[in-house]
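Student:
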Amino acid sequence: MTDSRSDLSALVTELRASLDQPTDEAIWRRMNAERLLRLIADEFVEAHEAERIRIMADSRVAGPSGADFLLQIDDYDIRLEFLDAPDDTPCLDADLISQFVMLLQDNPSTIALVLVWTTDDLRALALDSNDLCALSEGRRTVEVLFERAAPLPEVLRAIVASQTRQWDANLHRVQPTTAQPVEMRKIFEQAIGKAIDAERGRSYRFVERKQAAKQFPVEREKRLIFSILADALDETPTQELVARFTRIPRRGDK
Amino acid sequence: MASTKGLPPSYIVVDNNVLSSLNSFFCDCRACKLAVGNARLTGLTQWMADIISLMRQFSLDGLLHSTDYVADEFRPSGELFAGLRPAQIDNYRRYVREQLATTPVPIHEAPLMRKVPGVRPELVGPTGVSDPDLSLLLLGAQLASTGAQVILITDDQTLLDFTTWVQTRPEARERWAGLRQIQAMRDMVFFDLVHRSCRISTDDMQEMLNYVILLTAKRMAGELHGPEGVPRPSLSPKKALHIISQYQAVQTLVTRSAQAKAANKGVAA
């Protein structure tokens with residue numbers, strides 16, 4: 014009741030656990046599991062800052078298709094469903110499977126339903142619609158799926174990794190170079206200068222062309238090209254640079 | 022000894038913040054109905070005596086356990102005390118402290134508890150669990166060594182989180198065997214369980230929960246603990262929405278709790 018660090022949503026969660034769970038032990042297991050989940054979730058969100066993960070408690074996920082917790086990650090989400098583990102080992106009531114199938118059908122953005130048992134290490138199992146179909150059709154047994162169960166942080170990491178594109182840039186294999194840094198702008202300027210000189214040095218058959226080459230405003234055009242290059246390096250939009258390149262000089266300009 | 026679902030026969034260890042909370046609740050919500058001065062202090066003392074007596078009914082040995090480190094932290098505050106003599110306040114403070122059974126604990130083990138491998142830094146850092154907090158855990162482990170359950174009542178989220186985390190660690194369980202039998206519980210959950218056993222009226226329970234929500238709203242609005250002279254921020258729409266949604270959730274749960282209480286009454290009858 015004082016100005017403590019306790020959070021209202023945690024209070025709501027624990028009050029709900031005390032009402033919903035059938036026995037003393039189940040109430041306590043559930044309260045503790047939810048506290049552990051919050052700690053794990055905080056750590057997970059911090060470690061995956063780039064994915065901008067949001068975790069919402071059950072009170073925010075209404076309706077029969079809701080789960081206990083919802084993890085929103087980019088454009089997909091993961092739903093977490095707590096299951097009691099009185100003997101500290103995972104177990105699954107077969108009647109729940111049809112409910113889980115419906116949950117994934119009703120929520121297309123949900124890529125996995127993670128069952129979390131109230132064990133010390135929060136043993137968890139990620140199920141997708143294929144797993145649930147195989148279970149409901151009897152093509153797979155619960156025991157086989159349980160072999161995949163692992164502590165919750167590992168399960169969450171595996172899901173997020175499977176949804177994240179990995180670029181094989183081989184960055185770790187880049188050998189340190191002994192080359193001196195070079196300035197790209199300088200190289201470009203030298204190349205442009207050479208190209209203009211070569212153009213001016215050409216021999217023309219017609220007098221007009223010879224005269225035009227002689228009157229070509231070399232320095233001004235160089236300045237223009239270099240300024241456009243500088244702007245390009247400063248990320249000026251290409252369209253703007255093309256317009257400057259193709260602009261017709263005013264009559265009489267030299 | 023009374024018992025109800027969620028509160029099996031257990032030793033009860035109480036954090037100072039629970040007593041402070043009860044004290045503040047009376048000062049802010051009930052004291053205004055009494056005449057200013059001694060009548061209010063008498064009312065407060067009676068209220069504290071009644072609620073402590075109620076808590077004791079759920080304790081295995083009829084005691085509320087604590088440590089000297091924690092009991093010494095009880096400093097009553099509130100407008101009610103403004104017009105009282107220091108001796109009166111001291112008497113009241115001593116009275117509340119005497120309601121707790123304090124036991125020495127090996128406090129030198131507190132740093133070892135913070136070093137259990139894998140702990141999240143914020144649980145043991147400067148804003149994490151203090152030595153007095155850990156003294157309660159050490160006391161709980163000590164009481165639980167008899168094989169009994171222990172309920173640690175606190176309103177400190179960090180202590181709740183640390184207790185739950187540390188008892189899952191094999192290294193900690195090996196050193197402090199009783200840890201596993203401690204259940205950390207926030208005060209309002211404890212009182213709601215007591216409420217369901219028909220020993221607190223639903224109106225009183227509702228009033229206490231509303232007070233918690235009010236304090237949270239004030240804290241989120243920056244009205245509490247603001248440095249003097251610094252403008253306090255207003256409650257943002259997002260925070261306000263959070264409060265409202267939590268308030269609604271609490272109302273729903275109180276209704277369900279009252280139904281559970283009625284069902285319990287039926288069973289008792």
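Line order of the protein sequences matches chains A and B.
Residue numbers for the first sequence follow this note's numbering, beginning at 14 and rising by one.
Residue numbers for the second sequence follow this note's numbering, beginning at 22 and rising by one.
C-beta atoms are modelled at their ideal positions from N, C-alpha and C, and glycine is treated no differently.
Using a Cβ cut-off of 7 Å, which residues of the stretch 20-34 of chain A contact any Cβ in chain B, in chain order?
Tutor: For the stretch 20-34 of chain A, which is checked against every Cβ of chain B, the residues closer than 7 Å are Asp20, Leu21, Ser22, Ala23, Leu24, Val25, Glu27, Leu28, Arg29, Ser31, Leu32.
Student: Going along the chain, which residues of its own chain have a beta-carbon closer than 6 Å to the beta-carbon of Met69/A, five neighbours each way excluded?
Tutor: Stepping through the first sequence from its first residue, residue 69/A is reached at position 56. Same-chain partners within the cutoff: Leu83.
Student: How long is the line joining the alpha carbons of Gln170/B and Lys286/B, rounded to whole angstroms?
Tutor: Within the second sequence, residue 170/B is the residue found at index 149, counting from 1. Within the second sequence, residue 286/B is the residue found at index 265, counting from 1. For Gln170/B and Lys286/B, the distance between alpha carbons rounds to 26 Å.
Student: Going straight from the alpha carbon of Lys223/A to that of Leu246/A, what length do you get?
Tutor: Indexing the first sequence from 1 puts residue 223/A at position 210. Indexing the first sequence from 1 puts residue 246/A at position 233. Approximately 35 Å, taken between the alpha carbons.
Student: For Ala98/A and Glu195/B, I'd like the C-alpha separation in whole angstroms.
Tutor: Taking the first sequence and counting its residues from 1, one reaches residue 98/A at position 85. Taking the second sequence and counting its residues from 1, one reaches residue 195/B at position 174. About 23 Å.
Student: Closest by CA to Leu101/B, which one among Lys54/B, Phe79/B, Arg118/B, Asp71/B?
Tutor: On the second sequence, residue 101/B is found 80 positions in, with the first residue counted as 1. Out of Lys54/B, Phe79/B, Arg118/B, Asp71/B, Lys54/B has the C-alpha closest to the C-alpha of Leu101/B.
Student: Quick one: using the 10 Å Cβ neighbour count with 16 as the cut-off for buried, is Val57/B buried or exposed?
Tutor: Within the second sequence, residue 57/B is the residue found at index 36, counting from 1. The residue is exposed, with fewer than 16 neighbouring Cβ atoms inside 10 Å.
Student: Residues of the stretch 37-52 of chain A in Cβ contact with chain B at a cutoff of 8 Å, in chain order, please.
Tutor: Hits within the stretch, in order: Asp37, Ile40, Trp41, Met44, Asn45, Arg48, Leu49, Arg51, Leu52.
Student: Compute the Euclidean distance between the alpha carbons of Leu164/B and Asp82/B, then round it to the nearest angstrom.
Tutor: Working through the second sequence from its first residue, we reach residue 164/B at position 143. Working through the second sequence from its first residue, we reach residue 82/B at position 61. The alpha-carbon atoms of Leu164/B and Asp82/B are separated by roughly 11 Å.
Student: Mind listing, in chain order, the continuous beta strand (DSSP E) runs of no fewer than 3 residues lying wholly within the stretch 29-62 of chain B?
Tutor: Qualifying beta strand (DSSP E) stretches, in chain order: 31-35.
Student: Can you confirm whether Glu56/A, when its beta carbon is compared against all beta carbons of chain B, has any partner nearer than 8 Å?
Tutor: The residue given as residue 56/A occupies position 43 in the first sequence. True, the Cβ-Cβ gap to chain B drops below 8 Å.
Student: Can you pull the DSSP bridge partners for Tyr89/A?
Tutor: Counting from 1 along the first sequence, the entry for residue 89/A is found at position 76. Ile86/A.
Student: Using DSSP bridges, identify the partner residues of His86/B.
Tutor: Your numbering for residue 86/B matches position 65 in the second sequence. In DSSP, His86/B forms a bridge with Val34/B, Ala122/B.
Student: Is it buried or exposed for Ala283/B, if we count other Cβ within 10 angstroms and need 16 for buried?
Tutor: Within the second sequence, residue 283/B is the residue found at index 262, counting from 1. Label assigned to Ala283/B: exposed.
Student: Quick one: does Asp133/A have its CB under 8 Å from some CB of chain B?
Tutor: Here residue 133/A is taken as the residue at index 120 of the first sequence, counted from 1. For Asp133/A, the answer is yes, since a Cβ of chain B falls inside 8 Å of its Cβ.
Student: Any beta-carbon of chain A closer than 8 Å to the one on Trp186/B?
Tutor: One-based indexing of the second sequence puts residue 186/B at position 165. Output row for Trp186/B: interface = yes.
Student: Roughly how many angstroms separate the alpha carbons of Thr185/B and Asn59/B, rounded to a whole number?
Tutor: On the second sequence, position 164 is the one that residue 185/B refers to. On the second sequence, position 38 is the one that residue 59/B refers to. Computed Cα separation, rounded: 42 Å.
Student: If you run the structure through DSSP and keep just helix, strand and coil, what is Val251/B?
Tutor: Against the second sequence, residue 251/B aligns to sequence position 230. Any reading at Val251/B must be qualified, since the residue scores a pLDDT of 49, below 50, and its modelled position is unreliable; the value itself is stated next. Residue state, collapsed to three classes: coil.
Student: Any beta carbon from chain A within less than 8 Å of Gln202/B's own beta carbon?
Tutor: Along the second sequence, one-based indexing puts residue 202/B at 181. Answer no: the Cβ-Cβ gap between Gln202/B and chain A never drops below 8 Å.
Student: Can you confirm whether Leu214/B, when its beta carbon is compared against all beta carbons of chain A, has any partner nearer than 8 Å?
Tutor: As a first step, residue 214/B must be located in the second sequence, where it is residue number 193. For Leu214/B, the answer is yes, since a Cβ of chain A falls inside 8 Å of its Cβ.
Student: Counting only Cβ pairs nearer than 7 Å, list the residues of chain A close to Thr7/B.
Tutor: Missing from the structure shown is residue 7/B; chain B here goes from 22 to 290 and no further.
Student: Take Gly250/B and list the residues in its own chain whose beta-carbon comes closer than 8 Å to its own, dropping the five residues that flank it on each side.
Tutor: Working through the second sequence from its first residue, we reach residue 250/B at position 229. Interpretation of Gly250/B is limited by its pLDDT of 49, a score under 50 that renders its predicted location unreliable; the figure taken from the coordinates is listed afterwards. There are no such residues.
Student: Please list, in chain order, the chain A residues whose beta carbon lies closer than 7 Å to that of Thr223/B.
Tutor: Indexing the second sequence from 1 puts residue 223/B at position 202. Per Cβ cutoff of 7 Å: no residues; Thr223/B is ~14 Å from chain A at best.
Student: Please report the straight-line C-alpha distance between Cys219/B and Met229/B, rounded to a whole angstrom.
Tutor: Counting from 1 along the second sequence, the entry for residue 219/B is found at position 198. Counting from 1 along the second sequence, the entry for residue 229/B is found at position 208. Cα to Cα, Cys219/B sits roughly 16 Å from Met229/B.
Student: Along the chain, where does the alpha helix (DSSP H) that runs through Ile238/A open and close?
Tutor: The count along the first sequence starts at 1 and reaches residue 238/A at position 225. It spans 231-246 - the alpha helix (DSSP H) in which Ile238/A sits, taken as one unbroken run.
Student: By the 10 Å Cβ neighbour count, where 16 or more other Cβ atoms means buried, how is Ile200/A classified, buried or exposed?
Tutor: One-based indexing of the first sequence puts residue 200/A at position 187. With fewer than 16 other Cβ atoms within 10 Å, it is exposed.
Student: If the cut is a Cβ gap below 8 Å, which residues of chain A does Asp182/B touch?
Tutor: Taking the second sequence and counting its residues from 1, the one referred to as residue 182/B is at position 161. Chain A residues near Asp182/B: Arg48, Arg51, Leu52.
Student: What did DSSP end up calling Gln170/B once you bin it into helix, strand or coil?
Tutor: Taking the second sequence and counting its residues from 1, one reaches residue 170/B at position 149. Gln170/B falls in the strand class under three-state DSSP.
Student: Can you find a C-beta in chain A that's less than 8 Å from the C-beta of Val210/B?
Tutor: For the purposes of this step, residue 210/B is taken as the residue at position 189 of the second sequence. For Val210/B, the answer is yes, since a Cβ of chain A falls inside 8 Å of its Cβ.
Student: Any C-beta of chain A sitting closer than 8 Å to the C-beta of Ala284/B?
Tutor: Indexing the second sequence from 1 puts residue 284/B at position 263. Closer than 8 Å: no.
Student: For Leu206/A, which residues from the same chain have a beta carbon less than 8 Å from its beta carbon, with the 5 sequence-adjacent residues on both sides left out?
Tutor: For the purposes of this step, residue 206/A is taken as residue 193 along the first sequence, with counting starting at 1. Note that residue 206/A corresponds to Gly in the displayed sequence, not to Leu. Contacts found: Lys235.
Student: How big is the Cα-Cα spacing for Thr26/A and Pro107/B?
Tutor: In the first sequence, the residue the question calls residue 26/A occupies position 13. In the second sequence, the residue the question calls residue 107/B occupies position 86. Distance between the alpha carbons of Thr26/A and Pro107/B: 41 Å.
Student: With distances taken from CA atoms, which of Ala198/B, Ser278/B, Ala162/B is nearest Asp31/B?
Tutor: Position 10 of the second sequence holds residue 31/B. First, the amino acid is wrong: residue 31/B is Ser here, not Asp. If we check each option's Cα against that of Ser31/B, Ala162/B comes out closest.
Student: In terms of DSSP beta bridges, what is Thr25/B paired with?
Tutor: Mapped onto the second sequence, residue 25/B falls at position 4. According to DSSP, Thr25/B bridges with Leu28/B.
Student: Starting from Ala92/B, find everything on chain A with Cβ-Cβ shorter than 7 Å and list it in chain order.
Tutor: For the purposes of this step, residue 92/B is taken as the residue at position 71 of the second sequence. Ordered by position in chain A, no residue passes the 7 Å Cβ test against Ala92/B, which lies about 16 Å from the chain.
Student: Determine the contact status of Ala131/B and Asp152/B, defining contact as a CB-CB distance below 8 Å.
Tutor: Residue numbering aside, residue 131/B sits at position 110 when the second sequence is read from its first letter. Residue numbering aside, residue 152/B sits at position 131 when the second sequence is read from its first letter. Yes, these two residues count as a Cβ contact at 8 Å.
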